[in-house]
Amino acid sequence: MSFDLYLAGLQYFANPMMFVTSFFGVLVGIIFGSLPGLTSTMTIAVFIPFTFGLSPVVSFAFLLGLYTGAVYGGSISAILINIPGTPSSIATSFDGYPLCQQGRAGEAIGISTVSSGLGGFFSVIVLSIAAPLIASIALKFSAEEYVGIALIGLSVIAIISPGSTVKGLIGGVLGLILGTVGLDPISSYPRMVFGKAELLDGIDSIPVMIGVYGIAEMFNQIAKDEHRTVIAQKLEKILPSMKDVRRLIPSIFRSSLIGTMIGAIPAAGGSIASLVAYGQEKKFGRNRDKLGTGVIDGVAAPEAANNASTGGALIPMMTLGVPGDPMTAVLMGGLIIQGLRPGPILFQQQMPFVSSIFISLLLSVVFMVIIGLSGARIFSRLITVKKSILIPAVFIFCLVGSYAINNSLFDVFVLIIAGTIGFLLKQIHFSVAPIILGMILGPLFETNLRRSLMLSEGSWSTFVTRPISLLFLITVVLILAGPSLLKLVKKPKVQCEDEETDDVRI
Amino acid sequence: MKRIMVIAIALTLSLSFGLYAEGSQDDASYPSKDVKVIIPWSVGGMTDVLTRPITSWMEDYLGVNFIVENKPGGGGVVGSLLIENSKNDGYIIGTTSMSTISAKYISPVYPDIKKVELISQVITIPATVTVNADSPWQTLEEYIDYCKANPGKVKNSNSGNGASAHIYAEIFAAEAGIELNHIPYAGYAEGVTALLGGHVDSTNIPLPDVAQHVESGQLRLLAIASAERHPDYPDVPTLRELGYDVVLGNYSGFVAPAGTDPEKIRILDEAIGKCMEDPAIRTFLLEAGYQPLYSNHEEFAGVVKAAEEQLEYLVNDLGVEFVDD
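Protein chains in written order, with the numbering used here: chain A, 1 to 506; chain B, 1 to 325.
So this is what it looks like as structure tokens:
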């Protein structure tokens, strides 16, 4: 790859419009992403029609700003009110919200911003240096490997679910069942459709997520009369200390790597990336025993991963013309409308434009860090907004947000039902994260398991004869059996009290 | 006081509604107010991308706004049903494609093409026979010979059981007398990716989604299923030339709810026809990978009928079952 192709894109730095639209993109993205109920996919879909009149470079700077901003912004509401703004910040709430309850919301937002920035920066670098290489590796992933990834995701549910493991697994199974609704992905047979056209595609996990987090949490606050208490926030410390950052660098690096790789695999995406990153932190992190009780490590890992996945998801989109997740699918439409068809030809022939994408992404990471750090104080003050105003506002955002994804009233009903069930589950100390993860991972697992067997003409050995698939399966075994294997080797020192904990934070 | 307020509000509402209704009856010059365009597919999808430039051209030409509304879901079923059940005053129109008529073979709820008036067709998307560039097959004959020697061994990716690319593959296989191992994927892009990665051997996914991989040298086009050769690929033969008398492909066009005034249909059809003559629109569609093809509402009816017959033939004569339970 010749270097002057990259230099050709540098001329765009002289285009002030690009800076302006990128800045506004990030700002709008953060605001929308941080509003509970308004997800990143919805944000991009809503704003794409506004870019039709703009030039491709300028409009894409705006859209990438939105993308980066919204993925980051989702962490703010996860930390402040325990409602992840987007699916990829579910894992952020595990430690982010406890931090907020300790009065350390500012610190949590600070570390989330820094690690998001580092994760985003990491993925831009990887994207600009190695995109074609990574794309060719991702191409080698067939159905068997997707089965492996889905299994890793499912086994991570068992590790990360806070509180009772059994309840976590029950939630996971519930999610898997919900994930079977709709036309069967292989034979198109309608399952649990009840004659509803809206159910043919299955139950969208986004309104369910908004419901079990947003609506249920608001019901919870009303029921518990928590709306009178406000936790005093210490706002002196926003910027994490150099000591903390230095300590977290290895884990941020690991998470960024996980985020970029998982993001680059089409159909995986940020929600799985942040989850796996949190899971590995809980296994290997230095503070693994305290994870879930409110430590900054638990915010840094998923945030680095979900922002690293943004660059990762752009890899298959730009090099192959295959979107990595729903957000990049919408972004790709935005590019095609501009008369540019992402894919190998764009990558080979429109290198200046491609390098303008790298620059836009880099700009949005920079703007994200600037806006995030300077706004952290304002954001964490939001929590002191009177609950009598906050709760109805969250309800409205949830309603609007779930309607706007598909312009569908049906999704609003899904939201309300999910919210009610989510509230009831909270009363019996059930964590809802596994339900959402089951819904996302279930179809991925089922479709690819069946597809693998079609490809191999029914032979199960295909899962162990393919090296990457075998590697994933070994990882799954280690994740699930690892602790007991370790116990066999070492004598247990402390009794596991996992089942006793009554701590439901999500 | 409260009661007066209620009456006042009720009056205002009914008045404004009355005015609105009156406005819509006064159609001396259609269109006189904004037209809503329902796209049954998502923002940034194939139909969305080709529809928006056309509707924005029509805004300038007809002097009213064309407001695009995406109603995705169920592979186009949700939005298509919505179009059918909309008011037929000419101010709500929508888009259609082959999946609107093929839905009835897989879905328990499906739209009926007879419940809409066809306005015009705007593009055609020819199916292909595409293989990986690393594969040994240089011509369609070699490919078919291999398939005949190894029945059911050649893996062919499609866009879902009963979806368009599966329909093309079944008809092509029947015409060529071969047996394929059909592997369903979630959509065109995923099916093409599987071919790029070498996980399947061939595909019948239409040209726009394979074109750039053919240009970049990763995939090889063995044949195109259109009536005539494609201007961009003059060396690639059509299936018809090779002795398989099938033309396979998708289309996209505009429709209005059944019972819409024929005069209004004519006005819209004429405007779309003018739009399709605009070189800027043609260039845009070609560069985005589509093949612009304008047919007026009568010709479009023929296109849809031919597609329906093809599906009937597939299901009744070839006995293909999309759902095996």
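Heads up, the beta-carbon is just placed ideally off N, CA and C, and yes, glycines get one too.
| query | Straight-line CA distance for S99 (chain B) to G76 (chain B)? | reply | Here residue 99 (chain B) is taken as the residue at index 99 of the second sequence, counted from 1. Here residue 76 (chain B) is taken as the residue at index 76 of the second sequence, counted from 1. For S99 (chain B) and G76 (chain B), the distance between alpha carbons rounds to 7 Å.
| message | For E69 (chain B), list the residues DSSP reports as bridge partners. | response | Position 69 of the second sequence, counted from the first residue, corresponds to residue 69 (chain B). Looking at the DSSP assignment, E69 (chain B) forms a beta bridge with B:I38.
| field | Three-state secondary structure assigned by DSSP to G249 (chain B) | value | As a first step, residue 249 (chain B) is located in the second sequence; it is residue number 249 there, counting from the start. Look at G249 (chain B) here: in three-state DSSP terms it is strand.
| said: Along the region 208-238 of chain B, where does the CB come closer than 9 Å to a CB of chain A? Name the residues. | reply: For the region 208-238 of chain B, the set of residues with a beta-carbon nearer than 9 Å to any beta-carbon of chain A comprises P208, D209, A211, Q212, H213, E215, S216, G217, Q218, in chain order.
| Name the DSSP bridge partner or partners of N156 (chain B)? | One-based indexing of the second sequence puts residue 156 (chain B) at position 156. Beta-bridge partners of N156 (chain B) (DSSP): B:H182, B:S202.
| Local Cβ density within 10 Å of N85 (chain B), reported as buried at 16 or more and exposed below that | Counting from one through the second sequence, the residue named residue 85 (chain B) turns up at place 85. In summary, N85 (chain B) is exposed, with fewer than 16 beta-carbon neighbours lying within 10 Å of its beta-carbon over all protein chains present.
| said: Quick check: what's the CA-CA separation for T96 (chain B) versus L50 (chain B)? | reply: As a position in the second sequence, residue 96 (chain B) is number 96, starting the count at 1. As a position in the second sequence, residue 50 (chain B) is number 50, starting the count at 1. Straight-line Cα distance between these residues: approximately 12 Å.
| message | Closest to G259 (chain B) by C-alpha separation, out of B:F66, B:M46, B:I83, would be which residue? | response | Taking the second sequence and counting its residues from 1, the one referred to as residue 259 (chain B) is at position 259. Between G259 (chain B) and the set B:F66, B:M46, B:I83, the nearest pair of CA atoms involves B:I83.
| query | Tell me which same chain residues have a C-beta within less than 7 Å of the C-beta of I210 (chain A), skipping the five on either side of it? | reply | Indexing the first sequence from 1 puts residue 210 (chain A) at position 210. Within the same chain, I210 (chain A) has close Cβ partners G37, C398, G401, S402, L415.
| request: Examine chain A for any beta-carbon lying closer than 8 Å to the beta-carbon of N70 (chain B), and answer yes or no. | output: The residue given as residue 70 (chain B) occupies position 70 in the second sequence. Judged by the 8 Å Cβ criterion, N70 (chain B) is in contact with chain A.
| Alpha carbon of V315 (chain B) to alpha carbon of E170 (chain B), nearest angstrom | Stepping through the second sequence from its first residue, residue 315 (chain B) is reached at position 315. Stepping through the second sequence from its first residue, residue 170 (chain B) is reached at position 170. One Cα belongs to V315 (chain B), the other to E170 (chain B), and the distance between them is close to 10 Å.
| request: State whether the region 221-234 of chain B contacts the region 99-111 of chain B, with contact taken as three or more CB pairs (one from each stretch) at a distance under 8 Å. | output: Too few Cβ pairs lie closer than 8 Å, so no.
| request: Determine, using beta carbons only, whether R341 (chain A) comes closer than 8 Å to chain B. | output: The residue given as residue 341 (chain A) occupies position 341 in the first sequence. R341 (chain A) counts as touching chain B.
| message | Contact defined as beta carbons within less than 8 Å: I believe T113 (chain A) pairs with G372 (chain A). What is the distance between those atoms, to the nearest angstrom? | response | Working through the first sequence from its first residue, we reach residue 113 (chain A) at position 113. Working through the first sequence from its first residue, we reach residue 372 (chain A) at position 372. For a cut-off of 8 Å, the C-beta gap from T113 (chain A) to G372 (chain A) is around 3 Å, short enough to register as a contact.
| Nearest neighbour of N65 (chain B), chosen from B:D34, B:P111, B:E263, B:T47 [CA to CA] | Locating residue 65 (chain B) in the second sequence gives position 65, where the first residue counts as 1. Closest option to N65 (chain B), judged by alpha-carbon separation, among B:D34, B:P111, B:E263, B:T47: B:D34.
| task | Examine chain A for any beta-carbon lying closer than 8 Å to the beta-carbon of P184 (chain B), and answer yes or no. | result | Here residue 184 (chain B) refers to the residue found at position 184 when the second sequence is read from its first residue. Yes, contact with chain A.
| Of all the CB atoms in chain A, is at least one closer than 8 Å to the CB of S107 (chain B)? | In the second sequence, residue 107 (chain B) corresponds to position 107, counting from 1. By this cut-off, S107 (chain B) is an interface position.
| message | Taking 8 Å as the threshold (beta carbon to beta carbon), is N161 (chain B) in contact with chain A? | response | The sequence position of residue 161 (chain B) within the second sequence is 161, counting from 1. By this cut-off, N161 (chain B) is an interface position.
| 6 Å Cβ shell around I159 (chain A) - same chain, five flanking residues per side excluded | The residue labelled residue 159 (chain A) in the question sits at position 159 within the first sequence. Hits under 6 Å: G279, K282.
| query | CB Q221 (chain A) to CB G103 (chain A), shorter than 8 Å? | reply | Position 221 of the first sequence, counted from the start, is the residue given in the question as residue 221 (chain A). Position 103 of the first sequence, counted from the start, is the residue given in the question as residue 103 (chain A). Contact flag unset, no.
| said: Need the endpoints of the alpha helix (DSSP H) that A328 (chain B) sits in, please. | reply: This structure cannot settle anything about residue 328 (chain B), because the visible part of chain B is limited to 1 through 325.
| Exposed or buried, which one is P262 (chain B) when buried takes at least 16 other CB atoms within 10 Å? | Reading the second sequence from its first residue, position 262 is the one you call residue 262 (chain B). Taking a 10 Å sphere around the C-beta of P262 (chain B), we find fewer than 16 other C-beta atoms and assign the residue as exposed.
| In three-state DSSP terms, what is E144 (chain A)? | Within the first sequence, numbered from 1, the residue matching residue 144 (chain A) stands at position 144. Here E144 (chain A) sits in helix by DSSP.
| What separation, rounded to the nearest whole angstrom, lies between the Cα atoms of T47 (chain B) and S461 (chain A)? | Position 47 of the second sequence, counted from the start, is the residue given in the question as residue 47 (chain B). Position 461 of the first sequence, counted from the start, is the residue given in the question as residue 461 (chain A). Their backbone Cα atoms lie some 41 Å apart in a straight line.
| said: Tell me whether A197 (chain A), by its Cβ, gets closer than 7 Å to a heavy atom of the ligand SAM. | reply: With respect to the ligand SAM, the structure shown offers nothing to examine, as it has no ligands at all.
| task | May I ask you to verify whether the region 89-105 of chain A touches the region 49-62 of chain A, counting CB pairs closer than 8 Å and requiring at least 3? | result | In this structure the region 89-105 of chain A does not touch the region 49-62 of chain A; the number of beta carbon pairs closer than 8 Å is below three.
| query | At least one CB of chain A closer than 8 Å to the CB of T47 (chain B): is that the case? | reply | Stepping through the second sequence from its first residue, residue 47 (chain B) is reached at position 47. It does not; no Cβ of chain A falls within 8 Å.
| said: Is T193 (chain B) close to chain A? Criterion is C-beta to C-beta, closer than 8 Å. | reply: Position 193 of the second sequence, counting from 1, holds the residue named residue 193 (chain B). At least one C-beta of chain A is nearer than 8 Å to the C-beta of T193 (chain B).
| query | Three-state secondary structure (DSSP) at T113 (chain A)? | reply | Position 113 of the first sequence holds residue 113 (chain A). The three-state reading of DSSP puts T113 (chain A) in helix, counting H, G and I together.
| task | Figure out for me which residue from B:A280, B:G302, B:A301, B:E298 has the closest Cα to the Cα of P292 (chain B). | result | Counted from its first residue, the second sequence places residue 292 (chain B) at position 292. Ranking the options by Cα distance to P292 (chain B), first place goes to B:A280.
| What distance in whole Å lies between the Cβ atoms of I93 (chain B) and L318 (chain B), which are believed to be in contact at a cut-off of 8 Å? | Walking along the second sequence from the start, residue 318 (chain B) turns up at place 318. Walking along the second sequence from the start, residue 93 (chain B) turns up at place 93. About 35 Å separates the two Cβ atoms, so there is no contact after all.
| task | Give, in chain order, every unbroken run of the beta strand (DSSP E) that is at least 3 residues long and sits entirely within the region 110-164 of chain B. | result | Residue ranges of uninterrupted beta strand (DSSP E) with 3 or more members, entirely inside the region 110-164 of chain B and ordered along the chain, are 116-126, 128-132, 155-158.
| field | Local Cβ density within 10 Å of S226 (chain B), reported as buried at 16 or more and exposed below that | value | Here residue 226 (chain B) is taken as the residue at index 226 of the second sequence, counted from 1. S226 (chain B) counts as buried, since no fewer than 16 other beta carbons sit within 10 angstroms of its beta carbon.
| task | Report the rounded CA-to-CA distance for A78 (chain A) versus L390 (chain A), giving the unit in angstroms. | result | Residue numbering aside, residue 78 (chain A) sits at position 78 when the first sequence is read from its first letter. Residue numbering aside, residue 390 (chain A) sits at position 390 when the first sequence is read from its first letter. A78 (chain A) and L390 (chain A) have their alpha carbons spaced roughly 15 Å apart.
| Since V57 (chain A) contacts G311 (chain A) with CB under 8 Å, what's their CB separation in whole angstroms? | On the first sequence, position 57 is the one that residue 57 (chain A) refers to. On the first sequence, position 311 is the one that residue 311 (chain A) refers to. Their Cβ separation, rounded to whole angstroms, is 18 Å, which puts V57 (chain A) and G311 (chain A) out of contact at 8 Å.
| Min CB distance A197 (chain A) to chain B below 8 Å | As a working mapping, residue 197 (chain A) is identified with position 197 in the first sequence. For A197 (chain A), the answer is yes, since a Cβ of chain B falls inside 8 Å of its Cβ.
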